[in-house]
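Residue numbers (the numbering used here): 76 to 157.
Note that the Cβ used here is the ideal one computed from N, Cα and C, for glycine as well.
Inspection log for the structure reproduced underneath, given as structure tokens.
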Amino acid sequence: MKLRHFIVMLCLLIFSNGAYAYRCTIDMRKIDEALAKKPAITETQEAEVRKLRAEGETLHNKGKHTEALEALHRALEILDVQ
């Protein structure tokens, strides 16, 4: 019985990582679209958004999706995008 629980938990862990990977690309696209609209933010804020967006993409490409989402969400907060 314990082995069955372990297998279920392992499957959930494996498949949830794919969901994070998909979310990263959605958030990167949201950031790109918001920046293209020339938001009312300072140059310093724009530079920070671009840095966080690049950091998020790098982390995403390395398979570190949780960390990538953290960086991307900080960028989205600066842009005030949901």
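- Leucine 127 places its beta carbon 8 Å or farther from that of leucine 110.
- Per DSSP, the unbroken alpha helix (DSSP H) holding threonine 133 starts and ends at 118-136.
- Between isoleucine 101 and leucine 154, the gap from beta carbon to beta carbon reaches 8 Å or more.
- The residue among Val156, Arg79 and Ala150 with its C-alpha nearest the C-alpha of valine 124 is Ala150.
- Apart from sequence neighbours up to five positions away, the residues of its chain that approach glutamate 142 with a beta-carbon distance below 8 Å are Leu134, ordered along the chain.
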